[in-house]
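So the sequence lines, in the order shown, correspond to chains A, B, C and D. Going by this note's numbering, the residue at position 249 of the first sequence is 477; the numbering climbs one at a time, nothing skipped. Going by this note's numbering, the residue at position 81 of the second sequence is 82; the numbering climbs one at a time, nothing skipped. Going by this note's numbering, the residue at position 98 of the third sequence is 149; the numbering climbs one at a time, nothing skipped. Going by this note's numbering, the residue at position 450 of the fourth sequence is 499; the numbering climbs one at a time, nothing skipped. Notes follow once the structure below has been shown.
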Amino acid sequence: MSLVFDIALVAGLIALALHVVVTRDGRGAILGFIAFGLLLGIGWARLASVDVALTEAAIGGGLTGMLLLRAHAHLGREIAPEAMARGEPRRWLAPAIASGLVALALGAVVLAFPRPAPSLAPQAVAALETTGLGNPVTAVLLAYRAIDTLLEKIVLILALVGVWSLSRDAAWGGASQLRPAVIPEPLVFLARVLPPFGVLIAVYQVWVGADLPGGTFQAGTILAAMALLVMLAGLRPAPPTQARALRAMLAGGPALFVLVGFLGVAVAQGFLSYPEAIAKPLIVGIEAALTLSIAGTLALLVAGPPDKAPAS
Amino acid sequence: MSALALTSASLFGLCGAALVGIGLFGIVTNPDLLRRIIGFNILGAGIFLVFGAVARRGAAMGLGGDPVPQAMVITGIVVAFAATALAVALLRRLASLTGSATFDAATPAPPPRSDA
Amino acid sequence: MSPAALLLVTALLAPLAMAAGCLSRAFRSRVPGLLWLAPLPALLAALWLPAGTAVSFPVPFRMVLALDQPGAILLGGAAFLWSAAGAYAASYLRGKPGLTGFCVWWLLTLAGSLGVLIVADIAGFYLLFTLASLSAYGLVAHEQTDAARRAGLVYMVLALLGEAFLLFAFVMLAAGLPDPNPLIADAVAALPGSPMRDGIVALLMLGFALKMGLIPLHVWLPLAHPAAPMPASAVLSGVLVKAGVIGLVRFLPFEAPLPTWGAILAIAGILTAYGGAALGVAQRRPKTILAYSTVSQMGLVAALLGAGLAAGDASAAGLAAYYGLHHTLVKGGLFLAVGVAFASGGARRWPVLLLTGLLALSLAGLPLTSGALAKLAVKPMLGYGVLSIAVSLAAAGSTILMLHFIAVMVRETADNPPSSAPWGENLPFLIVAAASLLIPWWLYPTLSGGALASGWSVASLWKLVWPMMLGVVVFMATGRFAGLAGRVPEGDILVLAERQAPRLARLPAAIEGLDGRLRLWPVAGFVLLGLVIWLGGGFLLAA
Amino acid sequence: MTPAYAATPGGLLLVLAVMLPAAAALVMLVLGPRHTRVVALIALALGVVVALATGLQLVRSQAALIYVLGNWQPPLGVALRADGLSVMMLAVTAVVMAATGLFARELFGLDLATADGRLATSFWILLMGLWSGLNLVFVSQDLFNLYVALELLTFAAVPLVCLDGRGETMAAALRYLMFALLGSMLYLLGAGLLYGAYGTLDIRLIASASHHGPAMAIALALMIPGLLAKAALFPLHLWLPPAHAGAPAAASAVLSALVIKAPVFLILRLVADIAPPGSAAVAGQVLAVLGAASILFCSVMALRQERLKLMIAYSTVAQIGYLFIVFPLAGVGDGTTPWGTIAWTGGALQLTSHALAKAAMFMAAGIVAEAVGHDRIRDLGGFGRVLPLTATTFGLAGLSLMGIPPSGGFIAKCLLLTAAAIGGHLWLALTILAGGLLAGGYVFRVMDRALATPAQRLALQRPIPLRLEIIPLVLAVLAVALGFLPLAPFGLLQIGRPDIALAVLP
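Here is the structure:
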């Protein structure tokens, strides 16, 4: 029974992906992609990866969808229709064959993976107790492979600096203009009602993330979505990017991470190792700071480069 | 459980492979840059599904999957989002500056002006 | 370090130090007047140091300098000409724009062209050879005219091509030896046994023939030498081509005969000797005629070396150097003569032209001149067969070419206003002319092995005179080649090649078109996928 | 089971090399524009010290430096490891970074109004990100960690390309971003397949696996082209010329000198360390063909460019080609250990001298463009007279690119040619020589303009301070000074290598 469900899910995913790629309607493709993201979230749940499922649904479907829709609207405003409608014949046969071959080879490799499958699950579980955590995914993200998570945060910040650097010189340091010309009423309503719940869910996620599925990325994404909702509804303006507090919040998470990392050199077994006694509090503390940083970074990435000149 | 889990993992692995193919095709052939960015996301989804299949196959010790590839996927999704955001920001700026959303027709940039 | 070693090092470093000194503003203004000093240490080294003096540079400078007989002969002549031409240049270029730049290029070329004659290791040879080749571009293109620019371009392209030939040859030479930078002598000793012998010899010959201007690799020479200012033409034609001669002398294995390669070199040399003369008589500018004469003379040197290589006779090296010395001084003198003659008029004109004529005929082997000695000295090496006759006939060609040159000079200077070249130019010219007539006498006994008296026999004189008479007769009979002059453009076959240029230029254009297509996103993306498939297939097959 | 990695003294230096620039970027973000430059210069100084200390430690211990992050042994954790080649890359990176930093300080200082502005501040933060990513690429032992490092590079490099904010550079940056992303995605996919097959992403653990299935073949076939796309090897160079030509001079210098070397370094790791011998040989052949094509094709393209910076950018693609013809020359994949061969040393030297020379050349081109207001080669006649030091810089860097003695490029070319001659790879030898000729052509075109004496003296739009001209000159002189290294394999490059080579062998 569950296999039938899986097959239907996979068929739906592939059909949606094909639709997104071949359809002529740009907006339709984006909406299709959002649906694809949500469906994919279910797929991840079927793969018994609830952590990923939450992340995928929030980021893959939600934030990316918002980003794309805004971009589509922007391009529609900026580009003359005749520039859009260049009817060049697309050569599709050769790329289709090549892509198909790559996919076939991949499929063959996936089927030919060795059995029994190699897995680090036993080691990950065995090492869990030294971290005091209950969720092995969190342990991988914040202990075993903490360096990846830390540097990925730097990647996010570089991306944000890169996005900011795309502003006009005059607007640099200012704020993004998110508020649309006409704000639909329901949006305002949602923006008033949802954020308290969102914050609550986020705090819960960080807290349980140590032991159960969920964690800093998921919480950060929810917070980012709430912040965007508030800004889109025009309840609060986007903060100016030169604000010291904002920048401190963005850099705070990774900075704390680095500090604790080097603390490990002094009091534990090296960089990014935690003293066993206080491992869990340290990790939860880092997660909390990271959640704020991630929320800020993701929201500002969606908001885009500043386009209002700074006040001063 | 394990046989079924393996079948299901393979199924999603194949789905990942198909999505990779579809994504690559979209990226290579689509002249619309925004659509190309969506293609990247589909390619990414396919790649992550392959990771997911690998993770699922590694289910052991009472875990539903190998946590290491799962963690990698989470990292990867965030990075992919950052990439999408940067690409979209570039595309919007390009459209604002030049009034077009294509880069293949663009000839090499004329000399930079120091006074600009 | 012994005084002898110090002198040898100074010979190389003095001009480089002067070039570096040009960074100082104060020195820069005085350097043109000091150019004549730069080659003096080399001249002293050539005169005083015994053959066999050697010195190694400390690590990390890998270079070994050593003086041997052929090197010393060429070094002496070259340093002498550089010095005289330097003095000439100071007067000739006074007040002209770009003088400092000219001096720097001059000094760098000087260092390279003299260093090549005394360096003993392969990497050092390549370094100095390159220094001379590339720096000479500054002299060729100095005038900044369209002709100079074209000459500079052609020169540069072919010089780099020659460098490429040589680099590969040197790398293969050194590849089999334990020391990554062996002495030239060691590498050449191992050459006959090398599995890559033929490739190495072929590349060496190509590279050095380019420098000497052997046909058909001579195309740059008649463009580049006349394009430079007069004193630079003198050293380019007098000294720089000798870098090719010393290259062949140093790198060909004369101890072990290579008959085939020797024959190839000799034939190329003889053909060049004829071709240079034949193309030269079709020219009407004196400097171009002299340049073609250089081509022709280098052909004779190549023929000589080819004969030596075929016979496995190591004495060819010394004889080639001796012939080279003669050519250095005479050709240098002739270029200076052209400058002086163009500036002389009235009563001053005829003595200058007379001396010019004497130098010119010396090149053809006029008895009692250095040319006669040089030709006599090399005769035994050429044997008494076909080659000997061929070389004698080449002397007839030289005679014709030089008579043509004299005729052109007389005609070109006929309308000069009565004046005289400044003494700063006259004096160097006279000194070089005198040296060219005298110095070879001094060296003749050591090199030819025979006494001077042997050169006086009637038989010897007859050997020299009949080709010249033949040349005179032909020259008279054909009416001074009046109809021929100007028929062949300077650079001969290059011009033909340039007519095909549009066809050749299509290749880069096609490449550019292809690049434009490859850089289209769909194409590049597809190529990327293709690469994935190609590599995947390859790996699967290999596994 | 003994752990695969045992931390060595000085291993923490590797962590510092990665984290110091990253931390500096965070500090810059918090402190804001006014302090950015100071923080950057301090970080540069400290980073150079770290690189120096790493080199000293390596020479002293004569063994690779190792650090196990968080003391979590691979396969669960991530290890850093620096052998001779890595340390050389760290050192070159530090030198070029320091020079770029000083150059950027002077360049941005020319215009006080914008010294703390968008361009300068973003530049400094992104530069630090680049440095962190580069160092991580050179020391990380984990393929997924390396993916993060590659993304660090991409995200720092792309905005650098379009810092000047013109539409054309936006297009160039977008094209760069997209192609680089395509490359990273293929790389990541390959890494996923490897994890599926081996249950680890640690390079040494994968290399020590005895059995290789189709997953290895397909994974390598995805990862290598993906990295090639980032390295811009012909025919995947679509993004490089406009991107490197459009970036600010200081950024172009780092991008061309260092950033594209990172994927090349990773390809080397994959082919030489992970690939089974048969695959390595195939990869070596394919890469050599592409490298040779790159040398010839893009040199011709460089020769035909009208603009100086585009010419230099095409020259970069051509010069990268030399790094790929090293594979067959060093005998990668034929069962011998390539580390001690002259080709290996030649490749390393080519990489180093190109990094120095190309950085110097881009900076020189930047000075010219800044001083004259354009970079059309045709209209630069006589720039040597108004900017003598810059013309000298260009000439010296050109010597190294052409492979004319004495220069690092010459020694590199010599070693590669020797390897080609000994190995009987005639076509590669001819390619190397032809590449040198063509490089001579495009360098000569510029030098000819530099030395020209036009009737009208070239007008300078703004004065160029001496300090600005000195920095690229020093780099160019360094590139030439490399020519005094001995013509023999470096011992340094073999430190920490043989054990892996043995592990690969059956």
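Every residue gets a Cβ at the ideal spot worked out from N, C-alpha and C, and that includes glycine.
Pairing SER343(D) with TYR491(D) gives a Cβ-Cβ distance that is not under 8 Å. Identification of residues in the stretch 550–581 of chain C having a C-beta nearer than 8 Å to some C-beta of chain A yields PRO573, GLY576, PHE577, LEU580 and GLY581, given in sequence order. The DSSP-derived three-state label of ASP160(D) is coil.
Along the stretch 186–201 of chain D, the positions whose C-beta sits under 9 Å from a C-beta of chain B are PHE193, TYR196, VAL197 and GLU200, read in chain order.
Every unbroken stretch of the alpha helix (DSSP H) spanning 4 or more residues and falling wholly within the stretch 400–469 of chain D is given here in chain order: 432–435 and 437–451.
Under the three-state reduction of DSSP, ASP237(C) is assigned to helix.
Ranking GLY408(C), GLY422(C) and LEU412(C) by CA distance to the CA of VAL352(C) puts GLY422(C) first.
In the assembly as shown, ARG154(D) is a buried residue. Its beta-carbon has 16 or more other beta-carbons within 10 Å. Counting the other Cβ atoms within 10 Å of the Cβ of LEU571(C) gives fewer than 16, which makes it exposed. Shown in chain order are the members of the stretch 31–52 of chain B whose Cβ falls below 9 Å from a Cβ of chain D: LEU34, ARG37, ILE38, PHE41, LEU44, GLY45, GLY47, ILE48, PHE49, VAL51 and PHE52.
ALA326(A) and PHE577(C) have their C-alpha atoms spaced approximately 8 Å apart. For LEU116(C), the enclosing beta strand (DSSP E) covers residues 115–117. The Cβ of VAL286(C) sits no closer than 8 Å to any Cβ of chain D. Nearest in C-alpha terms to SER134(C), of all of ARG145(C), LEU86(C) and ALA117(C), is LEU86(C). Between PRO92(C) and ALA123(C) a beta carbon distance of about 14 Å is seen, past the 8 Å cut, so the two are scored as non-contacting. At least one C-beta of chain D is nearer than 8 Å to the C-beta of THR99(B).
Looking at the backbone, the Cα of PHE112(C) and that of PRO455(D) are separated by about 10 Å. Sequence-distant partners of LEU418(A) (beyond 5 residues in either direction) whose C-beta falls short of 6 Å from its own C-beta are missing from its chain. A direct Cα-Cα distance of roughly 9 Å separates PRO323(A) from GLY27(B). Here ALA128(D) is bridged, per DSSP, to VAL117(D). Secondary structure at ARG356(D): strand, using DSSP grouped into helix, strand and coil. By the Cβ criterion, the stretch 234–250 of chain D is not in contact with the stretch 561–575 of chain C, since fewer than three pairs of Cβ atoms, one from each stretch, lie closer than 8 Å. Closer than 8 Å to the CB of MET256(C) there is not a single CB belonging to chain D. Here SER277(A) really is in contact with ALA56(B); their C-beta atoms are around 6 Å apart, less than 8 Å. ALA523(A) is positioned such that its CB atom lies no closer than 8 Å to that of ALA466(A).
Separation of VAL188(D) and ALA192(C) (C-alpha to C-alpha, rounded to the nearest whole angstrom) is 50 Å. The Cβ of ASP376(A) sits closer than 8 Å to at least one Cβ of chain B. Boundaries of the beta strand (DSSP E) harbouring ALA105(C): 105–107, taken from the DSSP string.
DSSP places PRO282(C) inside the alpha helix (DSSP H), whose first and last residues are 281–286. Taking a Cβ-Cβ threshold of 9 Å, the residues of chain C close to VAL330(A) are LEU580, VAL583, ILE584 and GLY587, in chain order. Note: SER189(D) is bridge-paired with LEU129(D) in the DSSP secondary-structure output.
For GLY462(A), the CB contacts under 7 Å within the same chain, skipping 5 residues up- and downstream, are ARG407 and ILE411 in chain order. Taking the C-beta atoms as reference points, GLU419(D) is found no nearer than 8 Å to ILE323(D). If you draw a straight line from the Cα of VAL155(C) to the Cα of CYS73(C), it is about 7 Å long. With respect to chain C, the C-beta atom of LEU287(D) has a partner C-beta closer than 8 Å. Taking 8 Å as the threshold, the shortest C-beta distance from VAL207(D) to chain B falls below it.
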